[in-house]
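Peer 1: Quick note: to get this note's numbering, add 23 to the position in the sequence shown (first position is 1). From the three backbone atoms N, C-alpha and C, an ideal C-beta is built for every residue, glycine too.
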Amino acid sequence: MRFPSTLVRGTLIQRYKRFLADVRLATGEIVTAHCTNTGSMMGCNAPGSPVYLSRSDRLHRKLIYTWELVQVRRTWIGINTFHPNRLVIEALQRGVIGELRGYSTVRREVKVGAHTRLDLCLEGDRGACYIEVKNVTLAANRVAAFPDAVSERGTRHLRELIRLKRRGHRAVIVFVVQRGDCRFFRPADEIDEVYGRWLRRATRAGVEALPYGAKVTPEEIVLTERLPLRL
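(1) In three-state DSSP terms, what is Y218?
(2) If you count every other CB in all the chains shown that lies within 10 Å of the CB of G177, and 16 or more means buried, which is it?
(3) If you drop the 5 nearest sequence neighbours on each side, which residues of the same chain put their C-beta closer than 6 Å to that of L254?
(4) Going by DSSP, what residue range makes up the beta strand (DSSP E) through T29?
(5) Is there contact between the stretch 87-100 and the stretch 126-138, where contact requires at least three CB pairs shorter than 8 Å?
(6) In angstroms, rounded to a whole number, what distance separates the CA positions of A114 and P251?
(7) For D45, which residues of its own chain have a beta-carbon under 7 Å away from its beta-carbon, when the five flanking residues on both sides are left out?
(8) Relative to the C-alpha of L259, which candidate in Q201, G136 and R165 has its C-alpha closest?
(9) Can you tell me the Cβ-Cβ gap for V74 and L92, rounded? I've got them flagged as a contact below 8 Å.
(10) Determine which residues share a DSSP beta bridge with C144 and list them.
(11) Quick one: is S28 buried, meaning 16 or more other Cβ sit within 10 Å of its Cβ, or exposed?
(12) Grouping DSSP H, G and I as helix and E and B as strand, with all else coil, what is V46?
(13) Would you please state the rounded distance, in angstroms, between the beta carbons of N60 and T128? I believe it to be under 8 Å.
(14) Is the beta carbon of A228 sitting closer than 8 Å to the one on R189?
(15) Applying the criterion that 16 or more other CB atoms from any shown protein chain within 10 Å of the CB defines a buried residue, is D215 buried or exposed?
(16) Classify Y218 as buried or exposed, calling it buried when 16 or more other Cβ atoms lie within 10 Å of its own Cβ.
(17) Starting from the Cα of K238, find the closest Cα among L246, A232 and V95 and give me that residue.
(18) Taking Cβ to Cβ, would you say V31 is nearer than 8 Å to C67?
(19) I'd like the list of long-range same chain contacts for H106, defined as Cβ closer than 7 Å, with 5 residues on each side in sequence excluded.
(20) Given a cut-off of 8 Å, decide if G236 and H192 are closer than it, judged by their beta-carbon atoms.
(21) Apply the 10 Å Cβ neighbour rule to P210 and answer buried if 16 or more other Cβ atoms are within range, or exposed otherwise.
(22) Output needed for A194: all residues of its chain with C-beta closer than 6 Å, excluding positions within five of it in sequence on either side, in chain order.
(23) Given a threshold of 16 other Cβ atoms within 10 Å of its Cβ, counted over all protein chains shown, does T160 qualify as buried or as exposed?
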């Protein structure tokens, strides 16, 4: 996924009210950017961090900047939660996710319950494959972890995937690790032990957990390779 226009570099002043971030641009101007990430962003929101913003010229937007990347030590991390679905679809088109080859159509935002939607559904001669996509930014000691905050919604998605698997469908959760410095993935039990228990229960029930790392630069983000799962 290439960014459609050149990103604007700045320095993070603060992130607040979950959806807002004040950034000092290289010109010295201070702007407020939209933060799409509703998680805690643990380890990714330290004041003084180098960041990149995208700029929109749409007249109806209250905030013309969106926070895209943050640099932690030497690693650029993608924090925009609007991108993972697109990254997965592009990876499917490029054949990067070998486990999900062989499907002819992709549906998005698929309703699977009275109050639940999953991100993607692949369809083809092999039947239907339901996919939930999660964005991962948290990491320590080269191990990525999810979630970075208690996620009741995430647990609900796992329960729904288990239900679909028991009904005979293929069910997959893809963890998009938007950083290139990780070698493994694990559930963040210290943050949300309930989610960790349900992820293990889901994999035992046959739900496939596919963590994928990414190459993240100010020019593009692309999925690269599957990361080993530590349960």
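Peer 2: Based on what the coordinates show:
(1) Sequence index remark: in the sequence shown, residue 218 carries index 195 (1-based). DSSP places Y218 in helix when its eight states are reduced to three.
(2) Reading the sequence shown from its first residue, position 154 is the one you call residue 177. Buried, because 16 or more other Cβ atoms sit within 10 Å of the Cβ of G177.
(3) Within the sequence shown, numbered from 1, the residue matching residue 254 stands at position 231. The answer, listed in chain order, is R223.
(4) Mapped onto the sequence shown, residue 29 falls at position 6. Unbroken run through T29: none, as it is neither H nor E.
(5) no
(6) Translated into the one-based positions of the sequence shown, residue 114 becomes position 91. Translated into the one-based positions of the sequence shown, residue 251 becomes position 228. Going by the C-alpha atoms only, they are around 18 Å apart.
(7) Numbered from its first residue, the sequence shown carries residue 45 at position 22. Hits under 7 Å: I36, Q37, I53 and T55.
(8) This structure does not reach residue 259, given that the chain is present from 24 up to 254, and the question cannot be answered.
(9) Translated into the one-based positions of the sequence shown, residue 74 becomes position 51. Translated into the one-based positions of the sequence shown, residue 92 becomes position 69. Sure, about 6 Å apart at Cβ, within 8 Å.
(10) Here residue 144 refers to the residue found at position 121 when the sequence shown is read from its first residue. According to DSSP, C144 bridges with R130 and Y153.
(11) Along the sequence shown, read from residue 1 onward, the residue named residue 28 stands at position 5. S28 comes out exposed.
(12) Translated into the one-based positions of the sequence shown, residue 46 becomes position 23. DSSP, read as helix, strand or coil, puts V46 in strand.
(13) Position 37 of the sequence shown, counting from 1, holds the residue named residue 60. Position 105 of the sequence shown, counting from 1, holds the residue named residue 128. Contact doesn't hold; Cβ gap of about 30 Å is too wide.
(14) Sequence index remark: in the sequence shown, residue 228 carries index 205 (1-based). Sequence index remark: in the sequence shown, residue 189 carries index 166 (1-based). Their beta carbons are under 8 Å apart, which means A228 touches R189 by this criterion.
(15) As a first step, residue 215 must be located in the sequence shown, where it is residue number 192. D215 is classed as buried because its beta carbon has at least 16 other beta carbons within 10 Å across all chains shown.
(16) In the sequence shown, the residue the question calls residue 218 occupies position 195. Label assigned to Y218: buried.
(17) On the sequence shown, position 215 is the one that residue 238 refers to. Ranking the options by Cα distance to K238, first place goes to L246.
(18) On the sequence shown, residue 31 is found 8 positions in, with the first residue counted as 1. On the sequence shown, residue 67 is found 44 positions in, with the first residue counted as 1. Not a contact, by the Cβ cut-off of 8 Å.
(19) By one-based count along the sequence shown, residue 106 stands at place 83. Closer than 7 Å at the Cβ level, and outside the excluded window around H106, lie M24 and I244.
(20) Here residue 192 refers to the residue found at position 169 when the sequence shown is read from its first residue. Here residue 236 refers to the residue found at position 213 when the sequence shown is read from its first residue. For H192 and G236, no; Cβs fall outside 8 Å.
(21) The residue you call residue 210 lines up with position 187 of the sequence shown. Classification of P210: buried, given that the 10 Å Cβ count is 16 or more.
(22) Counting from 1 along the sequence shown, the entry for residue 194 is found at position 171. For A194, where only same-chain residues beyond five positions count, the Cβ hits under 6 Å are Y153, L184, L187, K188 and V230.
(23) As a working mapping, residue 160 is identified with position 137 in the sequence shown. The residue is buried, with at least 16 neighbouring Cβ atoms inside 10 Å.
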